[in-house]
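To keep things clear, I will list the structure first and then write my remarks on it.
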Amino acid sequence: MNQLVRFLFGHERAVFTNGRFGFDVRPRFVLLIFIAILLGVFIYFIYIRPRWRLTAGTTALLVTLRAALLALMVILLLRPVVVVSSVIPRSSAVALVVDDSLSMKLKDSAGGSARLDTIKQALLNDSNGKPSFMSRLEEKFKTTLFGFSGSLTAVKDANDLTAEGRSSDLAGALDETVKRSSGVPLSAVVIATDGASNVPRDLAATLRELRARDIPVFTVGVGNTARPMDAELTRINMPRRVLVGSRLNIEAFVGLTGYSTTKVLIAIREDGRTVKTEEFNFRGNDTQAINLEITPNTPGIHRYTVEITPLDGEITVENNKQDALVEVIPGPLRILYVEGEPRWELGKIRESLLPNEKNVTLVCLQRTGENKFYRQGVGNQTELVSGFPKTEEELFSYDALIIGSVEAGFFSADQLRNIEAFVARRGGGLLALGGRLAFDGGKYKGTVLEDLLPLSLTGNPINDANSFMPVYKPILTGAGTTHPITRLNEDRSQNQKTWNELAPISVSEALTGLKPGASVLLEAKRIDANGPQLVPLLVQQRYGRGQTLALTASDTWRWRMRMDSKSTAHETFWRQMLRFLVSGTPLQTEVSSERDVYALDDTVRIVADVRDKKFNAISDAHTIARVTKPSGAVIDVPLKFTTLNNANSYDGEFKVDELGQHRIELLGTANSGTLSAKSDLLVTDLNREFFGVAQNSDLLKRIATETGGKYYTPAEAQSLLDDLTYRQSPYSERVTKDLWDMPINFMLIIGLLSGEWFLRKREGLA
Numbered sequence: 001m002n003q004l005v006r007f008l009f010g011h012e013r014a015v016f017t018n019g020r021f022g023f024d025v026r027p028r029f030v031l032l033i034f035i036a037i038l039l040g041v042f043i044y045f046i047y048i049r050p051r052w053r054l055t056a057g058t059t060a061l062l063v064t065l066r067a068a069l070l071a072l073m074v075i076l077l078l079r080p081v082v083v084v085s086s087v088i089p090r091s092s093a094v095a096l097v098v099d100d101s102l103s104m105k106l107k108d109s110a111g112g113s114a115r116l117d118t119i120k121q122a123l124l125n126d127s128n129g130k131p132s133f134m135s136r137l138e139e140k141f142k143t144t145l146f147g148f149s150g151s152l153t154a155v156k157d158a159n160d161l162t163a164e165g166r167s168s169d170l171a172g173a174l175d176e177t178v179k180r181s182s183g184v185p186l187s188a189v190v191i192a193t194d195g196a197s198n199v200p201r202d203l204a205a206t207l208r209e210l211r212a213r214d215i216p217v218f219t220v221g222v223g224n225t226a227r228p229m230d231a232e233l234t235r236i237n238m239p240r241r242v243l244v245g246s247r248l249n250i251e252a253f254v255g256l257t258g259y260s261t262t263k264v265l266i267a268i269r270e271d272g273r274t275v276k277t278e279e280f281n282f283r284g285n286d287t288q289a290i291n292l293e294i295t296p297n298t299p300g301i302h303r304y305t306v307e308i309t310p311l312d313g314e315i316t317v318e319n320n321k322q323d324a325l326v327e328v329i330p331g332p333l334r335i336l337y338v339e340g341e342p343r344w345e346l347g348k349i350r351e352s353l354l355p356n357e358k359n360v361t362l363v364c365l366q367r368t369g370e371n372k373f374y375r376q377g378v379g380n381q382t383e384l385v386s387g388f389p390k391t392e393e394e395l396f397s398y399d400a401l402i403i404g405s406v407e408a409g410f411f412s413a414d415q416l417r418n419i420e421a422f423v424a425r426r427g428g429g430l431l432a433l434g435g436r437l438a439f440d441g442g443k444y445k446g447t448v449l450e451d452l453l454p455l456s457l458t459g460n461p462i463n464d465a466n467s468f469m470p471v472y473k474p475i476l477t478g479a480g481t482t483h484p485i486t487r488l489n490e491d492r493s494q495n496q497k498t499w500n501e502l503a504p505i506s507v508s509e510a511l512t513g514l515k516p517g518a519s520v521l522l523e524a525k526r527i528d529a530n531g532p533q534l535v536p537l538l539v540q541q542r543y544g545r546g547q548t549l550a551l552t553a554s555d556t557w558r559w560r561m562r563m564d565s566k567s568t569a570h571e572t573f574w575r576q577m578l579r580f581l582v583s584g585t586p587l588q589t590e591v592s593s594e595r596d597v598y599a600l601d602d603t604v605r606i607v608a609d610v611r612d613k614k615f616n617a618i619s620d621a622h623t624i625a626r627v628t629k630p631s632g633a634v635i636d637v638p639l640k641f642t643t644l645n646n647a648n649s650y651d652g653e654f655k656v657d658e659l660g661q662h663r664i665e666l667l668g669t670a671n672s673g674t675l676s677a678k679s680d681l682l683v684t685d686l687n688r689e690f691f692g693v694a695q696n697s698d699l700l701k702r703i704a705t706e707t708g709g710k711y712y713t714p715a716e717a718q719s720l721l722d723d724l725t726y727r728q729s730p731y732s733e734r735v736t737k738d739l740w741d742m743p744i745n746f747m748l749i750i751g752l753l754s755g756e757w758f759l760r761k762r763e764g765l766a
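Rendered as structure tokens:
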């Protein structure tokens with residue numbers, strides 16, 4: 001197109017789009033009026049006055065052709081010109097920045113060129129004896145060639161670009177280009193890339209800086225902007241710690257582009273050994289979340305790999321897998337269960353852990369009379385001998401707490417505050433059970449414990465009979481279908497069926513007010529016509545460092561006593577409930593990396609949480625993190641205390657340079673004694689360059705628009721050069737280009753004369 005414009009008009013298209021039109025000869029206005037009158041008289045006597053037998057249409061066409069010809073001649077006699085800014089040769093600089101990351105090796109079509117080869121051909125290599133874009137650019141500007149991936153590197157020529165970079169820092173490349181051009185009159189930056197940018201950085205701030213310095217960025221986008229055929233495992237979410245033998249829930253996000261609805265096989269490997277495969281139906285051109293479950297049975301830190309089996313025609317399979325590290329912790333973890341009256345619920349919950357549950361210990365405190373208690377599961381003769389723990393240290397020795405049917409008056413004000421601190425500061429799990437003396441029946445309205453609950457209390461009196469009326473059926477919610485507590489069967493359809501078949505239960509009171517952030521896992525549907533028909537049954541929420549759950553049923557033992565003897569639903573539910581309560585409870589001293597998986601050259605942030613026996617943050621500890629690499633090399637990372645975002649933690653950073661599993665060991669001292677904690681992080685060959693493989697043209701257009709540049713395709717390289725040349729800047733001068741001698745003018749003259757001759761010939765006038 002640009003060549004056609006130049007052939008017809010004698011100048012580049014940029015001359016006309018960036019220039020201002022005018023005339024070199026500027027006669028007086030009176031003379032122009034006189035010439036117009038003469039032309040009108042000429043046309044009148046030649047075409048209108050004679051009485052030839054011509055149709056009105058033919059006469060009008062002849063008049064139009066002759067008037068256009070005469071007008072064109074007058075315009076040409078006035079010497080039309082265009083005034084445009086043109087760069088003063090070699091007075092300023094342009095930085096040419098080329099993406100040298102791995103994604104530039106992708107081929108967008110079978111048998112096509114790699115993206116980097118396309119850029120080289122368009123910008124850097126000579127073609128058919130014609131000088132390259134780079135050579136022509138150097139005639140106009142002082143030009144520097146850079147390659148970028150995770151960092152910016154000056155390169156000599158196209159041979160130095162190999163597309164081996166493992167990341168793309170687009171904002172960093174622009175920042176560094178400007179810094180390296182300090183002291184040089186930088187006129188513009190040309191950046192050729194597929195738009196991949198996978199290093200977190202404030203691009204908006206970079207663009208504001210470029211705009212303030214009047215440095216436009218001209219972007220050259222390479223790669224398919226449409227949806228290529230690709231299946232991508234975008235990310236996976238799973239807990240970093242789980243109790244051995246507990247369900248490990250894996251949330252995987254799978255994107256499918258270029259395909260219609262397709263069956264996809266997904267595999268899970270533990271330390272390289274396949275432990276599960278499952279097939280899913282995915283919609284085409286969409287990203288969907290799926291849930292997978294496995295049960296780790298061996299304590300330790302395990303590497304889990306989730307992988308999509310490659311599909312036919314994928315542009316790349318490098319984005320088909322993700323890794324994660326999970327610490328599978330052994331027990332026993334201890335749960336304190338306090339009950340205010342004898343009832344079957346306690347006994348059946350204890351039975352669910354027998355005979356082979358070794359990783360959860362249920363310590364029970366049941367009131368049997370005034371200041372009399374029945375203790376079960378205690379570790380020694382003095383544990384809980386005087387009743388519910390009276391100090392924070394004693395309560396904080398447990399990992400979770402269950403409060404059954406016991407009134408608020410059972411606890412002192414200090415004990416209630418300790419319970420709140422147990423969840424918020426200690427990070428423990430709290431489960432509140434329904435019962436005659438629970439919730440509003442236990443007068444908890446207005447107490448500290450009310451703040452902990454995920455349901456709002458009403459303060460209204462309740463009917464004790466509700467706790468003994470099994471008129472509610474449990475209903476699994478959407479959130480409950482994937483939650484580890486409520487998965488009674490690995491098969492999703494069977495899980496729903498199991499819940500539907502469970503016996504009715506009693507709900508002590510219908511609490512319908514959910515607090516913000518609460519999630520309903522189970523609902524209770526009333527099977528008679530009295531009262532609310534659908535109420536929350538099991539609700540969960542985060543609170544401080546811990547979590548709280550409310551189960552409003554008072555007799556889940558009916559799921560055991562009123563079901564077939566072969567049913568294990570009750571045991572499965574309570575085992576999973578108790579395991580979930582303790583799995584996320586933090587230790588007194590912990591150390592970990594901000595993420596569990598990194599790529600080479602990533603910066604790792606190490607975070608250590610150091611607390612005293614009351615789980616208050618310690619700010620005066622002396623700590624380092626000793627990192628042992630897979631090769632055995634050791635580096636010590638100093639950690640400093642920070643209160644940023646109320647973290648109250650010790651932070652430090654280092655850059656990873658080895659693949660494999662790294663061990664982090666916290667070493668240090670505090671007033672409480674020697675500090676010690678361990679964790680692992682994983683550095684994989686996973687490359688973010690192959691995620692989101694379509695060209696990000698929207699980002700490139702945004703960069704160009706916000707800095708005053710323009711977006712181009714590789715085929716538009718000549719237009720890019722013209723726009724750089726004919727752009728107003730401190731390094732340009734105004735030039736005048738004649739338009740009277742454009743080839744299009746002579747073609748118009750010939751065309752107008754030929755058209756008039758043809759009409760006159762047809763009408764017998766020639």
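Residue numbers (our numbering): 1 to 766. We put the CB at the ideal spot given by N, CA and C, even for glycine.
| field | Cβ-based neighbour list, T118, same chain, cut-off 7 Å, excluding 5 preceding and 5 following | value | In the sequence shown, the residue the question calls residue 118 occupies position 118. Closer than 7 Å at the Cβ level, and outside the excluded window around T118, lie V222 and P714.
| query | The alpha helix (DSSP H) spanning H570 covers which residue range? | reply | Counting from 1 along the sequence shown, the entry for residue 570 is found at position 570. Segment A569 to S583, the alpha helix (DSSP H) holding H570.
| said: Rounded to the nearest angstrom, what separates A163 and D451 at their Cα positions? | reply: On the sequence shown, position 163 is the one that residue 163 refers to. On the sequence shown, position 451 is the one that residue 451 refers to. Looking at the two C-alpha atoms, the distance is approximately 56 Å.
| task | Leaving aside the five residues before and after D464 along the sequence, list all residues of the same chain whose C-beta is less than 8 Å from its C-beta, in chain order. | result | The residue labelled residue 464 in the question sits at position 464 within the sequence shown. Cβ contact annotation for D464 (same chain, cutoff 8 Å, sequence separation greater than five): R436 and G441, in chain order.
| request: Under the assumption that L401 contacts L336 (Cβ atoms under 8 Å), give the Cβ distance between them as a whole number of angstroms. | output: Reading the sequence shown from its first residue, position 401 is the one you call residue 401. Reading the sequence shown from its first residue, position 336 is the one you call residue 336. The Cβ separation is near 5 Å, so the contact holds.
| request: Label L488 either buried or exposed according to how many other C-beta atoms from any shown protein chain fall within 10 Å of its C-beta, with 16 as the threshold for buried. | output: Start at 1 with the first residue of the sequence shown, and residue 488 comes out as number 488. Buried: at least 16 other Cβ atoms inside 10 Å.
| query | Start and end of the alpha helix (DSSP H) containing S412? | reply | For this step, residue 412 is matched to residue 412 along the sequence shown. Run containing S412: none; DSSP gives neither H nor E here.
| query | How many angstroms separate the CA atom of S593 from the CA atom of R235? | reply | The residue labelled residue 593 in the question sits at position 593 within the sequence shown. The residue labelled residue 235 in the question sits at position 235 within the sequence shown. About 18 Å.
| Who are the Cβ neighbours of L69 in its own chain at under 6 Å, not counting the five residues just before and after it? | Along the sequence shown, read from residue 1 onward, the residue named residue 69 stands at position 69. For L69, where only same-chain residues beyond five positions count, the Cβ hits under 6 Å are L752.
| field | As assigned by DSSP and simplified to three states, the class of K445 | value | The residue given as residue 445 occupies position 445 in the sequence shown. Note: K445 maps to coil in three-state DSSP.
| query | In terms of alpha-carbon separation, which member of I403, T55, A204 and N418 lies closest to P389? | reply | Translated into positions along the sequence shown, residue 389 becomes position 389. Cα-wise, what sits closest to P389 is N418.
| query | DSSP on P630, reduced to helix/strand/coil? | reply | If you number the sequence shown from 1, residue 630 lands on position 630. In this structure, P630 counts as coil in the three-state DSSP scheme.
| task | Give the DSSP bridge partners of F758, in chain order. | result | Position 758 of the sequence shown, counting from 1, holds the residue named residue 758. None; F758 has no bridge partner.
| message | Buried or exposed for W757, going by 16 or more other Cβ atoms inside 10 Å? | response | Working through the sequence shown from its first residue, we reach residue 757 at position 757. Exposed, because fewer than 16 other Cβ atoms sit within 10 Å of the Cβ of W757.
| task | Quick one: residues in its chain with C-beta nearer than 7 Å to the C-beta of D175, no 5 flanking neighbours on either side, listed in chain order? | result | Walking along the sequence shown from the start, residue 175 turns up at place 175. For D175, where only same-chain residues beyond five positions count, the Cβ hits under 7 Å are T206.
| said: Which runs of the alpha helix (DSSP H) at least 4 residues long sit entirely within the region 135-204? Give them in chain order. | reply: The region 135-204 contains these whole alpha helix (DSSP H) runs: 170-180.
| Shorter than 8 Å from the beta carbon of P185 to some beta carbon of chain B? | Protein chain content of the structure displayed is limited to a single chain, and chain B is not contained in it.
| query | Which of the three DSSP states, helix, strand or coil, is assigned to K701? | reply | To locate residue 701, count along the sequence shown from 1; it is residue 701. Secondary structure at K701: helix, using DSSP grouped into helix, strand and coil.
| said: Going by C-alpha to C-alpha distance, which of R762, S754 and W740 sits closest to L72? | reply: Sequence index remark: in the sequence shown, residue 72 carries index 72 (1-based). Measuring from the Cα of L72, the nearest candidate turns out to be W740.
| said: Could you check whether I618 and A670 sit closer than 8 Å to each other, using their CB atoms as the reference points? | reply: Stepping through the sequence shown from its first residue, residue 670 is reached at position 670. Stepping through the sequence shown from its first residue, residue 618 is reached at position 618. Cβ distance < 8 Å, so A670 and I618 count as in contact.
| Ordered along the chain, which non-local residues of its own chain (more than five positions away) have a Cβ less than 8 Å from that of L686? | Indexing the sequence shown from 1 puts residue 686 at position 686. Cβ contact annotation for L686 (same chain, cutoff 8 Å, sequence separation greater than five): K321, Q322, D323, V597 and A599, in chain order.
| request: With I505 as the anchor, note down where its alpha helix (DSSP H) starts and where it stops. | output: Along the sequence shown, read from residue 1 onward, the residue named residue 505 stands at position 505. That residue, I505, is in no alpha helix (DSSP H); it is neither H nor E in DSSP.
| My guess is that W559 and L502 are in contact by the Cβ rule of under 8 Å, so how many angstroms apart are they, rounded? | For the purposes of this step, residue 559 is taken as the residue at position 559 of the sequence shown. For the purposes of this step, residue 502 is taken as the residue at position 502 of the sequence shown. At roughly 5 Å, the Cβ-Cβ gap stays under 8 Å, so W559 and L502 are in contact.
| task | Could you tell me which uninterrupted alpha helix (DSSP H) segments, each at least 4 residues in length, are contained entirely in the region 612-675, listed from first to last along the chain? | result | none
| said: For the region 692-706 against the region 213-220, do three or more pairs of beta-carbon atoms, one drawn from each stretch, fall closer than 8 Å, so that the two count as touching? | reply: Judged by Cβ distances under 8 Å, the region 692-706 makes contact with the region 213-220, as three or more pairs qualify.
| Which whole-angstrom value is the C-beta distance of D99 and A252, which I expect to be below 8 Å? | Counting from 1 along the sequence shown, the entry for residue 99 is found at position 99. Counting from 1 along the sequence shown, the entry for residue 252 is found at position 252. The Cβ separation is near 29 Å, so there is no contact.
| query | Closest to T262 by CA distance: which of T309, V242 and A717 is it? | reply | Locating residue 262 in the sequence shown gives position 262, where the first residue counts as 1. T262 has its Cα closest to that of T309, out of T309, V242 and A717.
| field | First and last residue of the uninterrupted alpha helix (DSSP H) at K348 | value | Within the sequence shown, the letter at position 348 stands for residue 348. K348 -> alpha helix (DSSP H) spans W344 to S352.
| task | Could you tell me which residues DSSP puts in a beta bridge with H302? | result | The count along the sequence shown starts at 1 and reaches residue 302 at position 302. DSSP lists V326 as partners of H302.
| message | Could you tell me the alpha carbon to alpha carbon distance between G434 and L549, rounded to whole angstroms? | response | Position 434 of the sequence shown, counted from the first residue, corresponds to residue 434. Position 549 of the sequence shown, counted from the first residue, corresponds to residue 549. Distance between the alpha carbons of G434 and L549 is about 11 Å.
| said: Judging by CA-CA distance, which residue of L675, A677 and R626 is the nearest neighbour of F654? | reply: For the purposes of this step, residue 654 is identified with residue 654 of the sequence shown, where counting begins at 1. Cα-wise, what sits closest to F654 is R626.
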